[in-house]
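Structure record follows, encoded as structure tokens.
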Amino acid sequence: MSDESTPPPVMTRDAFDQGMARAMEDVSVPAGLIARLQAEVSSRPMPSAEEARQQTGRTRWSRRFLLGGCAAIAMFTAWSWFAPNAAIVTATDVQRLSGLDASVLTPAAPETRRVLPVGWQFVRGLELADRLVVASDDTLNAQMLPLSYQADRRSSRVTGLLLPLHESEWAAPIMAGPFSAAEVQYTTTGTWVVWREGTTVFVLMLRGDAATLERLQRAAANRPNLT
Amino acid sequence: MVDGIPLPTMDALIEQHSTLLYRYAYRLTGNSHEAEDLTQQAFLLAQQRGHQLRDIQAARSWLLTIVRNAFLKSKRHRGGRSLDTIEEPQVAEEPWNSPIDREQLQLALLDLSEEFRSPLVLFYFEDFSYQQIAEHMAVPIGTIMSRLSRAKAFLKKRLTEVVEAAELPRHTQHSPAPLPRAALTHG
Chain A
1 MSDESTPPPV
11 MTRDAFDQGM
21 ARAMEDVSVP
31 AGLIARLQAE
41 VSSRPMPSAE
51 EARQQTGRTR
61 WSRRFLLGGC
71 AAIAMFTAWS
81 WFAPNAAIVT
91 ATDVQRLSGL
101 DASVLTPAAP
111 ETRRVLPVGW
121 QFVRGLELAD
131 RLVVASDDTL
141 NAQMLPLSYQ
151 ADRRSSRVTG
161 LLLPLHESEW
171 AAPIMAGPFS
181 AAEVQYTTTG
191 TWVVWREGTT
201 VFVLMLRGDA
211 ATLERLQRAA
221 ANRPNLT
Chain B
1 MVDGIPLPTM
11 DALIEQHSTL
21 LYRYAYRLTG
31 NSHEAEDLTQ
41 QAFLLAQQRG
51 HQLRDIQAAR
61 SWLLTIVRNA
71 FLKSKRHRGG
81 RSLDTIEEPQ
91 VAEEPWNSPI
101 DREQLQLALL
111 DLSEEFRSPL
121 VLFYFEDFSY
131 QQIAEHMAVP
141 IGTIMSRLSR
151 AKAFLKKRLT
161 EVVEAAELPR
171 HTQHSPAPLP
181 RAALTHG
């Protein structure tokens, strides 16, 4: 872990931080809380394996089948990526999705792979989450990558969501072209663009104005060429 | 095949983590009954979904995530101020030398939206790192650092105002004249 990602220990922080740490933990715990919790838990029946599967709606894989299942998972992922009956995403869906707060969405399974536009790891000021989040309802199941962007030190950091799709999942035909040339469009909470790289369509929704999104486009176009 | 978490382990989890979970839930809700309710929900869910916990060492983070998700699903978190659209408050960087009142802190916390409140609470609880908070909230680490910076500046400003308001009468008001003795008696 880098030094930047690790805050200083509480007792070496300044007086305000130390006071905050003390006050934050100064919460009276009700008498008998532990006993009540233990009694409540012990009064509930333990779920059987079958019940556990039904509750989660998923089959649980044991470790010894994991390696053997990887190939099947990869095939399934490829199939689902190209599945002809996948939900079609429209501009109206983008309006809905753009209003979502990534911090309240369910994290996707850790093994879900990130699909990134070319070179985005190297765009200055752009922070990409390690894990996708899922937004789903009756018509849509969108797996999106939370991100944030700060154009420069004087600018506010804005948040956003990147939605990668197979081209067959995007409602309208779209010509392949770079992110930097995509036309900025507007949502009720900010701006968005859509572009295609190969067979992947990317939708970027940003909680920022057009000028900020255009700066991100320029930053992506001017990223260091590390190839 | 492991089903739920066995009871002895659940008991141990409760003994080890219930205080932290309760305090976290209290700081999120500001209400002792709701905090206990959320804590109980978390352990009941943990019992049902114990098979999802592959590493008992990760229990603390896992349980905190359950508490937060239960809080978000309860819709108790609606409201509060989002600082995304507010400029960072300008606070004079003077050494802080006043005790922080836990109730005033709670009022200030509840004035923040959950996306700013949670990182703050986790930051001051048990030295969570930025990376741990980012993973807990499933947002980039830069976003967490930005939110923490803004939320801390906001809290500092609010608590400074509270301290100044408390000190104001002492500095600016004269002592009230003593009441006539008759006013202190009934009848």
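Protein sequence lines correspond, in order, to chains A and B.
Everything in the first sequence is counted per our numbering, starting at 1 for the first residue and increasing by one.
Everything in the second sequence is counted per our numbering, starting at 1 for the first residue and increasing by one.
Just so it is clear, CB atoms sit at the ideal spot from N, CA and C, and this is done for glycine as well.
Check	Outcome
Closer than 8 Å between beta carbons: that is the criterion. Which residues of the region 117-147 of chain A meet it against chain B?	E127, L128, A129, D130, R131, V133, P146 and L147
Could you tell me whether any Cβ in chain B is nearer than 8 Å to the Cβ of E25(A)?	yes
Using a Cβ-Cβ cut-off of 8 Å, state whether V184(A) counts as contacting chain B.	no
Have a look at V134(A), G125(A) and W170(A) and flag the residue whose alpha-carbon is nearest the alpha-carbon of R215(A).	G125(A)
Closest by CA to M145(B), which one among A138(B), F154(B) and A134(B)?	A134(B)
Hey, R207(A) and A176(A) are a contact pair by Cβ (cut 8 Å); roughly how many whole angstroms apart?	Wrong, their Cβ atoms sit about 27 Å apart, outside the cutoff.
Chain B partners of F240(A), CB-CB under 7 Å?	Past the edges of chain A, shown from 1 to 227, lies residue 240(A), and the structure says nothing about it.
Checking contacts by CB at 8 Å: is L61(B) closer than that to chain A?	The question names Leu, but residue 61(B) in the sequence shown is Ser. False, the Cβ-Cβ gap to chain A never drops below 8 Å.
Excluding five sequence neighbours on each side, which residues of the same chain lie with their C-beta closer than 7 Å to the C-beta of A35(B)?	Y22, A25, Y26 and T29
Using a beta-carbon distance cut-off of less than 9 Å, what residues from the region 158-191 of chain A approach chain B?	V158 and T159
Using the Cβ count rule (16 or more neighbours within 10 Å means buried), how would you classify F154(B)?	buried
Is there a Cβ of chain A sitting closer than 8 Å to that of L28(B), yes or no?	no
Give me whichever residues DSSP pairs with T191(A) in a beta bridge.	Y186(A) and L206(A)
Between T65(B), F123(B), K157(B) and V163(B), which lies nearest to R147(B) when the distance is taken from Cα to Cα?	F123(B)
Listed in chain order, which residues of the region 192-212 of chain A have Cβ atoms closer than 8 Å to some Cβ of chain B?	R207
Which class does V104(A) belong to by DSSP, given the choice of helix, strand or coil?	helix
Distance, Cα to Cα, T105(A) vs S74(B)?	One point to set straight first is that residue 105(A) is Leu, not Thr, in the sequence displayed. Each residue's Cα considered, the two are about 14 Å apart.
Grouping DSSP H, G and I as helix and E and B as strand, with all else coil, what is W96(B)?	coil
So is D37(B) in contact with chain A if we call contact Cβ pairs under 8 Å?	no
Rounded to the nearest angstrom, how far is the Cβ of A135(A) from that of A129(A), given a contact under 8 Å?	At roughly 14 Å, the Cβ-Cβ gap does not stay under 8 Å, so A135(A) and A129(A) are not in contact.
Within the same chain, show all residues whose beta-carbon is closer than 7 Å to that of P117(A), passing over the 5 residues directly before and after it, in chain order.	F179, E197 and F202
Residues of chain B with a CB under 7 Å from the CB of I229(A): which are they?	A question about residue 229(A) goes unanswered here, because the residues of chain A that appear run from 1 up to 227.
Does the CB of V41(A) have a neighbour CB from chain B at under 8 Å?	yes
Taking only three categories from DSSP, how would you classify A142(A)?	strand
Using a C-beta to C-beta distance shorter than 7 Å, which residues of chain A count as neighbours of Q40(B)?	L37 and E40
How many angstroms separate the CA atom of G99(A) from the CA atom of A31(A)?	42 Å
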